[in-house]
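**Q** Following my numbering, the numbering of the sequence shown begins with -4 at its first residue and continues without gaps.
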Amino acid sequence: MQKNGAWRIKEKDYHTFKTDYERIIFLLQYGMLAPSMHNTQPWSITLKGNRITFSDMKGRRLPVGDYDMRGYFFSIGCFIENMTIAGNTFKWDIQKPSIADKHVSISCRKVSRSKSRKTPNLSLEGIFLRKTNRSRYLNRKVASKALSFINRAQEEDVSTHMISGEKKDHLAEIIADGSHRALSKKAFRKELSEWMISGRSSRTTGMPMSSFNFHPFLAYFVPRILPFFSKAGIKAGRADFEMVKNYTPSILILSSKRDTSRDWLNTGKLFQRISVYAAKNKLYCHPLYGAIYDKKLRKKVSDEYCNGRFPQFISRIGYPFEDRPHTPRDNVQEHLVNN
-4 MQKNGAWRIK EKDYHTFKTD YERIIFLLQY GMLAPSMHNT QPWSITLKGN
46 RITFSDMKGR RLPVGDYDMR GYFFSIGCFI ENMTIAGNTF KWDIQKPSIA
96 DKHVSISCRK VSRSKSRKTP NLSLEGIFLR KTNRSRYLNR KVASKALSFI
146 NRAQEEDVST HMISGEKKDH LAEIIADGSH RALSKKAFRK ELSEWMISGR
196 SSRTTGMPMS SFNFHPFLAY FVPRILPFFS KAGIKAGRAD FEMVKNYTPS
246 ILILSSKRDT SRDWLNTGKL FQRISVYAAK NKLYCHPLYG AIYDKKLRKK
296 VSDEYCNGRF PQFISRIGYP FEDRPHTPRD NVQEHLVNN
């Protein structure tokens, strides 16, 4: 399989399948295009009948960067939202997830088009257009129609905050502090470097250096020297401050009343819905994890930007100067557990 072969799903193939098992596998492949922290794709998938269970995949945990597993549940939420969007096209209803410890289960039910739950303004095309774009964004406000969609978007108790202007510039300081603190830890740098892909690689997990803002020559060396580069935190903090202050029209924050695995999963569902809609409108996102990773900074964001609610996710959002490639994906068959 080519590096980005998993992105080449053909909608017409759905109608060639003879069994519901094959059709659900097809929907799962759309789920595989969801984002995950460091692009680890940490999903072990069990399919029994029309019931799907997600579990923690061996070797994909991030014990440092995702110490509380909020990123794991977030990514499952993104996965389920992709399946929901695909289900709307192919007449499948994706039921509300149930959570037991680290396991998340959903059921898929065939429905008539008239009974299918609609997700307005979302399409399969948006799933393919969505990608993380870490480049500079144009000095252009988010269009009013897109802003209205984002401000109204909600998933159970998770809601949105769009930050711009002077408030955004102050938030840039908190974000920069978060990046500084995270990258100042050698264990964090080592773990991150293991998921960076330099040069021509056939890996289908991790982050190609082409998706970052490094010079091609430096990109080859960064994963090798990052664990030993003690000033990485300072460099990352300065870079993120400049990027947010000078090249980001708005920051998107998602927050919730509680701070549970259910909230983390719902945050993923809501972010994926927003980012799929945004991509169809030439808007892209760049998650900024540092201020969520650090508990003290998370409290600061809560008090200053979320009215005391729990901030679950922070991202740049805007119209980029330049395109970025997709990150690679596994094929869903590599994640299926034998029934």
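Backbone N, C-alpha and C define an ideal beta-carbon position, used for all residues, glycine too.
Given the structure is predicted, the values throughout are model-derived calculations rather than measurements.
Would a C-beta distance cut-off of 8 Å place residue 73 and residue 307 closer than the cut-off?
**A** Their beta carbons are not under 8 Å apart, which means residue 73 does not touch residue 307 by this criterion.
**Q** Taking 8 Å as the cut-off, does the segment 122 to 132 touch the segment 311 to 319 (at least 3 CB pairs, one atom from each stretch)?
**A** Yes, they touch.
**Q** Which of helix, strand or coil does DSSP assign to residue 4?
**A** Reduced to three states, the DSSP call for residue 4 is coil.
**Q** Kindly indicate which residue of 232, 23, 32 has the alpha-carbon position closest to the one of residue 418.
**A** Residue 418 is absent from the structure shown; the chain starts at -4 and stops at 334.
**Q** For residue 133, is the classification buried or exposed, using 16 other Cβ atoms within 10 angstroms of its Cβ as the cut-off for buried?
**A** Flag for residue 133 reads exposed.
**Q** Taking 8 Å as the threshold (C-beta atoms), are residue 280 and residue 310 in contact?
**A** Their beta carbons are under 8 Å apart, which means residue 310 touches residue 280 by this criterion.
**Q** Taking the alpha carbon of residue 19 as the reference point, which residue from 231, 81, 213 has its own alpha carbon closest?
**A** Of the candidates 231, 81, 213, the one whose C-alpha sits nearest the C-alpha of residue 19 is 81.
**Q** When DSSP labels each residue in this structure, what does residue 153 get in the three-state scheme?
**A** Of the three classes helix, strand and coil, the one that applies to residue 153 here is strand, per DSSP.
**Q** Under DSSP, the beta strand (DSSP E) around residue 95 begins and ends at which residues?
**A** Residue 95 -> beta strand (DSSP E) spans 93 to 95.
**Q** Using the rule of at least 16 other Cβ atoms within 10 Å of the residue's Cβ for burial, across every protein chain shown, is residue 63 buried or exposed?
**A** Counting Cβ neighbours within 10 Å, residue 63 comes out exposed, since fewer than 16 surround it.
**Q** Counting Cβ pairs closer than 8 Å, one from the segment 151 to 164 and one from the segment 244 to 256, do we hit at least three?
**A** Yes: at least three Cβ pairs fall under 8 Å.
**Q** Would you list, in sequence order, the uninterrupted beta strand (DSSP E) runs of no fewer than 3 residues that lie entirely inside the segment 110 to 197?
**A** List check, beta strand (DSSP E) in window: 153 to 158.
**Q** Taking the continuous alpha helix (DSSP H) assigned at residue 67, which residues delimit it?
**A** Residues 65 to 85.
**Q** Taking all protein chains shown into account, do 16 or more other C-beta atoms lie within 10 angstroms of the C-beta of residue 286, making it buried, or fewer, making it exposed?
**A** Answer is buried; the Cβ neighbour count reaches 16.
**Q** Look up residue 12 in the DSSP assignment and say whether it is helix, strand or coil.
**A** Here residue 12 sits in coil by DSSP.
**Q** Identify the residues that DSSP records as bridge partners of residue 38: which are they?
**A** DSSP, once it has assigned bridges, lists 51 as partnering residue 38.
**Q** Let me know the secondary structure DSSP gives residue 284 once reduced to three states.
**A** It is coil, neither helix nor strand.
**Q** Provide the residue(s) that pair with residue 99 in DSSP beta bridges, ordered along the chain.
**A** The partner list for residue 99 (beta bridge, DSSP) reads 49, 94.
**Q** Tell me residue 308's beta-bridge partners as DSSP assigns them.
**A** Residue 308 is bridged to 249.
**Q** By DSSP, does residue 27 sit in helix, in strand, or in coil?
**A** Three-state result, residue 27: coil.
**Q** Give the range of the alpha helix (DSSP H) segment to which residue 267 is assigned.
**A** It spans 256 to 275 - the alpha helix (DSSP H) in which residue 267 sits, taken as one unbroken run.
**Q** So which of 49, 131, 135, 117 has the shortest CA-CA distance to residue 94?
**A** Comparing Cα-Cα distances from residue 94 to each of 49, 131, 135, 117, the minimum goes to 49.
**Q** Would you identify the three-state DSSP class for residue 211, choosing helix, strand or coil?
**A** Here residue 211 sits in helix by DSSP.
**Q** Under a three-way DSSP split, which group does residue 242 fall into?
**A** Coil, per DSSP.
**Q** Does at least one heavy atom of the ligand HEM sit under 7 Å from the Cβ of residue 23?
**A** In the structure on display, the ligand HEM does not appear, and there are no ligands present to speak of.
**Q** Taking the alpha-carbon positions, what's the residue 65 to residue 4 distance?
**A** Residue 65 and residue 4: Cα-Cα distance of roughly 29 Å.
**Q** Looking only at DSSP bridge pairs, what is residue 315 linked to?
**A** Paired residue(s): 132.
**Q** Have a look at residue 269 and residue 84 and give me their C-alpha separation to the nearest angstrom.
**A** Each residue's Cα considered, the two are about 18 Å apart.
**Q** Please state whether DSSP places residue 289 in a helix, a strand or coil.
**A** In the structure shown, residue 289 sits in coil (DSSP, three-state: anything other than H, G, I, E or B).
**Q** Who are residue 104's beta bridge partners in DSSP?
**A** Beta-bridge pairing links residue 104 to 88.
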